[in-house]
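For the record, in the sequence shown the residue sitting at position 91 is 225 according to our numbering, with numbers rising by one throughout.
Every residue, glycine too, gets a C-beta built ideally from N, C-alpha and C.
Remember, it's a predicted structure, so these values are computed and weren't measured experimentally.
Read through the structure below, which is laid out as structure tokens, and then see the notes.
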Amino acid sequence: MQIEVFKSKIHRVKVTQAELHYVGSITLDETLMEAANIIENEKVQIVNVNNGERFETYVIKGEKNTGTVCLNGPAARKVQVGDIIIIVSYGIMDFEEAKSHQPKIIFPDNNNRLT
């Protein structure tokens with residue numbers, strides 16, 4: 135049996151941009167992506183701490199060490215610049231493998247940088 139489990143999380147980053155007229159996605163600082171074991175085009179869930187919105191999109195790689203967290207397209211309507219969000223990714227794995235899986239969680243600072 136295969137199950138979907140929590141793979142990784144970027145906990146509490148600040149939205150730096152919201153670009154409505156863009157193909158839908160989230161652009162993330164490549165440094166954050168690498169630290170959280172998230173790859174370009176991966177599906178992620180976005181949880182907005184400020185307004186309770188929860189939605190899914192996919193990741194576009196942003197410039198390294200910029201702190202970029204930009205919601206694009208229709209997702210831009212679900213956030214405001216300055217909102218705090220949590221970015222969660224999930225993986226599908228064998229039931230037995232999932233029992234010992236340890237998710238990768240990162241906690242960036244107030245400027246979306248790793249400490």
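According to the DSSP assignment, T165 belongs to the alpha helix (DSSP H) that extends over 164-169. Cβ neighbours of F241 within its own chain (closer than 6 Å, five residues either side excluded): H145. Beta-bridge partners assigned by DSSP to V178: T191. One Cα belongs to I218, the other to Y156, and the distance between them is close to 21 Å. For F140, the uninterrupted beta strand (DSSP E) run begins and ends at 136-148, by DSSP.
If you draw a straight line from the Cα of Q179 to the Cα of L162, it is about 13 Å long.
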